[in-house]
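By our numbering, the letter at position 28 of the sequence shown is numbered 71, and the numbering carries on one by one without gaps.
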Amino acid sequence: MIDMTQNQMTIKGVIEPQVVCARIVKKTNRLAKVQAEGEPLPEFVASRVSRLTAVELIVNMHCEACAKQLKRMILKMRGVRTAETYLSLGKAIVTGSMDANKLIDYVYR
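Dropping the structure here:
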């Protein structure tokens, strides 16, 4: 629920408050902070978050547009949390709960 008069947003559900706050800051370029955290996350969610893996891929990118297109494509894959492309190094670093082999097949198809 968004309350424009008090400049506050209330979110209910199973979420990670810091992740939501960071996303709001990134999208709006405005200051945002978590005022109060509710109940701790249920155990089944915590176990999913703890399975994060990082995968480093060697990718041939010709220009900055190739790097941006690759990053957008990787971020669409289910289970990917972050993706960073480094044009000068020819690398892409991906973190998330995705299967590394499926990620490789997805990128190199």
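Where is the CB? At the ideal position from N, CA and C, for every residue including glycine.
query: Test item: CB-CB of A65 and T96 under 8 angstroms; result: no
query: Contact under 8 angstroms by Cβ, Y149 with M120; result: yes
query: L118 vs A126 beta-carbon contact at 8 angstroms; result: yes
query: Proximity below 8 angstroms, CB of V123 to CB of V102; result: no
query: Cβ-based neighbour list, V63, same chain, cut-off 7 angstroms, excluding 5 preceding and 5 following; result: I54
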